[in-house]
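Asks: Residue numbers (UniProt numbering), protein chains in the order written: chain A, 1 to 344; chain B, 1 to 344. All C-beta atoms in this analysis are idealised placements derived from N, C-alpha and C, irrespective of residue type, glycine included.
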DNA sequence: TTGTAGGCGTTATCAT
DNA sequence: ATGATAACGCCTACAA
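Given below as structure tokens:
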């Protein structure tokens, strides 16, 4: 078993007494090559075990047919579905997908952006790390007219494609739903206010309260670092220890919402009677937990597909036009047991 | 905003009146280049906005520093954690990760294997599609001494790296646990018997019954197509309709186990008193559902890390040696409420 | 319809 | 310590 050399179009050309250009063209069904030659070339290529070298083609054509993806971490339901949507769409168009994780670290994000650039990806799809404030490391892509799509966790100001949901209106809808169920003291589990998906959800929450003449109590707005299960348990216990505890909780993600439910149950409180809960994302756990967790849908797969399509369409156009374009996907309130109260 | 050309080492060489070889070496801290030159080159490269072209380097050196991953679908807890482990390990070693999905289709798997080969990946990690029977499309990698790791869903016979858990012993442990809890009629939710992870789990189940002098009742062995939630509900209802229903269920995954619990609850049965349940994978839902689902751990992240390390180590070795190596990672029974019965 | 030749950006070899 | 040159495999004007 020796290190075998790859068969190249040169080898095929030699064998068939043709030129490499003919081979190259024949393999791509170029119209100027005769049917007969094409057949012959393909057959010989097959027999000789020829495998195209994408690398060489990419170098020559300056097109890699690869989409780079830069996200916090893969193993979260929303993100893995997002990637699934991206990959599926890319695959259909003959594109590869390179995945990199920032682990929510700014430093990693910068490094991965560099690495993706060096790989000469055709386009890049990114959901920002929790830590990231400055986004100048993405300028390199804009400068080279490499299509860049921010998805979900997008920067406030950056002239490029953005694919997201209307977090403000989603936050408003979630809060309004709790109000309609008769809640009057509604707490909010807020994520990092540096990520505007979270600040928008909070803004929707606040406005819903105001428009329904409910007071905004700062004690009921809990700013989480991670929105993790552990943090959720801690914060919920503190919250329920208040003299005047809330009768409703709107959490900016499902993980923290689930922890709130379990925490409340453990303390002997009834959900939704004593405290109604609504989450965000509609993760699989939402329909598994008892009582079922009401939530806001977050169309992950579709966001992935849409992002990939933005890249692919941009690459199709020959002339580049204005790059700023924001796509909003719709969300819905999914009502389950955790928020169904008798109307007051 | 014109299409800007990339700055190359040639541009730097010209500016500094040096040769491209010197630049190339300086950028890699080659020992034969003087400190002074290295500094100067790096500074100029920075100023000119030089970005290395991985593509060209790969073509030249015939090394892509890329690991290809071929799995069924990303958006499943086990798989996304697996990939997370792979990516993390690869990233530390300066490797990229290309992700492809087979969607459990044999045809897609063959195509993706081809695509990964064409990308000249340095190594490939694969978990087989449900459909796959024949694995000859992986021979191309072996022939070219490209390290290939099968993980979790591995083929029965294929001389290469395999990273897996001992499914037989895990199935045995799970069943034994139920027996110890006093179950005497234990059903098994089995996955496709063409994938030996499932046939092994079943074998462990059967042997545990036999060794504990319990009858093996074919009516209690349910062969699933997908082990999905929906199928789980259907099959569980049928099972519980039996004249002589089971008092314990060992499911080959958590999804089906969860559906069994919910189904039983809906029918007024108590878990674990009327029917004890144990799943497989220890997915996040296992600790969320009520009662908590007992399960078998499936060390996804670690399996990913291990697989990536196998690739990286193989690439480090200059001489290739025997390629067959099976790594078994340990599993544990996690006991939660769904299987805790008073001892008989 | 087919062939010729140059180049994509980098690196390894062999020289100086 | 540095330079000249060829080569990696493919594609594409341009020529025939």
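What does the alpha-carbon distance come out to for the pair residue 264 of chain B and residue 279 of chain A?
Replies: Translated into positions along the second chain, residue 264 of chain B becomes position 264. Translated into positions along the first chain, residue 279 of chain A becomes position 279. Between residue 264 of chain B and residue 279 of chain A, the C-alpha separation is close to 27 Å.
Asks: For a cutoff of 9 Å on Cβ pairs, would you count residue 23 of chain A as touching chain B?
Replies: Working through the first chain from its first residue, we reach residue 23 of chain A at position 23. Judged by the 9 Å Cβ criterion, residue 23 of chain A is not in contact with chain B.
Asks: Using DSSP's beta-bridge definition, name the partner residues of residue 68 of chain B.
Replies: Your numbering for residue 68 of chain B matches position 68 in the second chain. Answer is B/98 and B/124, bridged to residue 68 of chain B.
Asks: Which residues in chain B have a C-beta closer than 8 Å to the C-beta of residue 87 of chain A? List them in chain order.
Replies: What you label residue 87 of chain A is simply residue 87 of the first chain in a count that begins at 1. In chain order: 74, 99, 100 and 101.
Asks: Using 8 Å as the cut-off, can you tell me whether the stretch 9 to 20 of chain B makes contact with the stretch 76 to 83 of chain A, which would need three or more C-beta pairs spanning the two stretches below that distance?
Replies: no
Asks: Below 7 Å on C-beta distance, what does residue 284 of chain B contact in chain A?
Replies: Along the second chain, read from residue 1 onward, the residue named residue 284 of chain B stands at position 284. Here the neighbours are 285.
Asks: Measuring only between beta-carbons, confirm whether residue 166 of chain B sits less than 9 Å from chain A.
Replies: Along the second chain, one-based indexing puts residue 166 of chain B at 166. With 9 Å as the cut-off, residue 166 of chain B does not count as an interface residue toward chain A.
Asks: Tell me which residues share the same chain as residue 201 of chain B and place their Cβ nearer than 6 Å to its Cβ, disregarding the 5 neighbours each side in the sequence.
Replies: On the second chain, residue 201 of chain B is found 201 positions in, with the first residue counted as 1. Excluding positions up to five away in sequence, the list reads 167, 171 and 252.
Asks: Scan the stretch 128 to 215 of chain B and note each continuous beta strand (DSSP E) run of 3 residues or more that stays entirely inside, going in chain order.
Replies: 148 to 151, 161 to 165 and 186 to 190
Asks: If the cut is a Cβ gap below 7 Å, which residues of chain B does residue 51 of chain A touch?
Replies: Counting from one through the first chain, the residue named residue 51 of chain A turns up at place 51. Correct list: 117 and 118.
Asks: Is residue 422 of chain A buried or exposed, if buried means 16 or more other CB atoms sit within 10 Å of its CB?
Replies: Only positions 1 to 344 of chain A appear in this structure, which leaves residue 422 of chain A out of reach.
Asks: From residue 72 of chain A to residue 88 of chain B, what distance separates their C-alpha atoms?
Replies: Position 72 of the first chain holds residue 72 of chain A. Position 88 of the second chain holds residue 88 of chain B. Distance between the alpha carbons of residue 72 of chain A and residue 88 of chain B is about 12 Å.
Asks: Counting only beta-carbon separations shorter than 9 Å, does residue 353 of chain B have a partner in chain A?
Replies: No answer is possible for residue 353 of chain B: it lies beyond the span of chain B, which begins at 1 and ends at 344.
Asks: Under 9 Å, Cβ to Cβ, is there at least one residue of chain B near residue 7 of chain A?
Replies: Here the question's residue 7 of chain A lines up with position 7 in the first chain. Contact of residue 7 of chain A with chain B is not assigned, every C-beta pair being separated by 9 Å or more.
Asks: From residue 42 of chain A to residue 225 of chain B, what does the alpha carbon distance come to, in whole angstroms?
Replies: To locate residue 42 of chain A, count along the first chain from 1; it is residue 42. To locate residue 225 of chain B, count along the second chain from 1; it is residue 225. Residue 42 of chain A and residue 225 of chain B: Cα-Cα distance of roughly 39 Å.
Asks: Check this for me: beta carbons of residue 150 of chain A and residue 128 of chain A, under 9 Å apart or not?
Replies: Here residue 150 of chain A is taken as the residue at index 150 of the first chain, counted from 1. Here residue 128 of chain A is taken as the residue at index 128 of the first chain, counted from 1. Result yes, Cβ atoms of residue 150 of chain A and residue 128 of chain A sit closer than 9 Å.
Asks: Quick one: measure Cβ to Cβ for residue 63 of chain A and residue 94 of chain A, integer angstroms, because I've assumed they're closer than 8 Å.
Replies: Here the question's residue 63 of chain A lines up with position 63 in the first chain. Here the question's residue 94 of chain A lines up with position 94 in the first chain. Between residue 94 of chain A and residue 63 of chain A the Cβ distance is about 11 Å, and since that is not below 8 Å, they are no contact.
Asks: For residue 241 of chain A, count the other beta carbons within 10 Å of its own beta carbon; 16 or more makes it buried, fewer makes it exposed. Which is it?
Replies: Taking the first residue of the first chain as position 1, residue 241 of chain A is located at position 241. With fewer than 16 Cβ atoms within 10 Å of its Cβ, residue 241 of chain A is classed as exposed.
Asks: Let me check understanding here. Comparing Cα to Cα, which of A/99, A/119, A/106 and A/144 lies closest to residue 125 of chain A?
Replies: Reading the first chain from its first residue, position 125 is the one you call residue 125 of chain A. Ranking the options by Cα distance to residue 125 of chain A, first place goes to A/99.
Asks: Could you give the DSSP three-state label for residue 89 of chain A: helix, strand or coil?
Replies: The count along the first chain starts at 1 and reaches residue 89 of chain A at position 89. Residue 89 of chain A carries a helical assignment under DSSP once its states are collapsed to helix, strand and coil.
Asks: Against chain B, with Cβ distances strictly below 9 Å, would residue 152 of chain A count as a contact?
Replies: Here residue 152 of chain A corresponds to residue number 152 of the first chain, with the count starting at 1. Not an interface residue.
Asks: Which residue wins for smallest C-alpha separation from residue 305 of chain B, given the options B/67, B/114, B/102 and B/195?
Replies: Locating residue 305 of chain B in the second chain gives position 305, where the first residue counts as 1. When each option's Cα is compared against that of residue 305 of chain B, the closest is B/67.
Asks: When Cβ atoms are compared, which residues of the stretch 254 to 273 of chain A fall closer than 7 Å to chain B?
Replies: Answer set for the stretch 254 to 273 of chain A: 258.
Asks: Tell me the DSSP secondary structure of residue 296 of chain A in three-state form.
Replies: Your numbering for residue 296 of chain A matches position 296 in the first chain. Residue state, collapsed to three classes: strand.
Asks: List the residues of chain A that residue 288 of chain B touches, going by C-beta distances under 7 Å, in chain order.
Replies: Here residue 288 of chain B corresponds to residue number 288 of the second chain, with the count starting at 1. Listed along the chain, the chain A residues whose CB falls inside 7 Å of the CB of residue 288 of chain B are 258, 285, 288 and 289.
Asks: For the stretch 282 to 297 of chain A against the stretch 134 to 148 of chain A, do three or more pairs of beta-carbon atoms, one drawn from each stretch, fall closer than 8 Å, so that the two count as touching?
Replies: no
Asks: With distance defined between alpha-carbon atoms, name the residue in B/197, B/218 and B/194 nearest to residue 187 of chain B.
Replies: The residue you call residue 187 of chain B lines up with position 187 of the second chain. Looking at the Cα atoms, B/218 is the closest of the given residues.
Asks: Distance, Cα to Cα, residue 327 of chain A vs residue 154 of chain A?
Replies: For this step, residue 327 of chain A is matched to residue 327 along the first chain. For this step, residue 154 of chain A is matched to residue 154 along the first chain. Using only the alpha carbons, I get a separation of about 12 Å.
Asks: Output the boundary residues of the alpha helix (DSSP H) element that contains residue 232 of chain B.
Replies: In the second chain, residue 232 of chain B corresponds to position 232, counting from 1. Element bounds for residue 232 of chain B: 229 to 240.
Asks: Beta-carbon of residue 215 of chain B versus every beta-carbon of chain A: anything under 9 Å?
Replies: Start at 1 with the first residue of the second chain, and residue 215 of chain B comes out as number 215. Judged by the 9 Å Cβ criterion, residue 215 of chain B is not in contact with chain A.
Asks: Can you check whether the CB of residue 307 of chain B is closer than 9 Å to the CB of residue 86 of chain B?
Replies: Here residue 86 of chain B is taken as the residue at index 86 of the second chain, counted from 1. Here residue 307 of chain B is taken as the residue at index 307 of the second chain, counted from 1. Their beta carbons are under 9 Å apart, which means residue 86 of chain B touches residue 307 of chain B by this criterion.
Asks: Grab me the residues of residue 38 of chain B's own chain with a C-beta within less than 7 Å of its C-beta, minus the 5 sequence neighbours each way, in chain order.
Replies: As a working mapping, residue 38 of chain B is identified with position 38 in the second chain. 26 and 29.
Asks: Using 9 Å as the limit for Cβ to Cβ distance, is residue 38 of chain B near chain A?
Replies: As a working mapping, residue 38 of chain B is identified with position 38 in the second chain. No, no contact with chain A.
Asks: In three-state terms, what does DSSP make of residue 273 of chain B?
Replies: Taking the second chain and counting its residues from 1, one reaches residue 273 of chain B at position 273. Looking at residue 273 of chain B - three-state DSSP - the assignment turns out to be coil, as it is neither helix nor strand.
Asks: Decide if residue 101 of chain A is buried, meaning its Cβ has at least 16 other Cβ atoms within 10 Å, or exposed.
Replies: Position 101 of the first chain holds residue 101 of chain A. By the neighbour-count rule (16 or more Cβ atoms within 10 Å), residue 101 of chain A is buried.
Asks: Counting only the same chain and skipping the five closest in sequence on each side, list residues whose C-beta sits under 7 Å from that of residue 84 of chain A.
Replies: To locate residue 84 of chain A, count along the first chain from 1; it is residue 84. Same-chain partners within the cutoff: 301 and 304.
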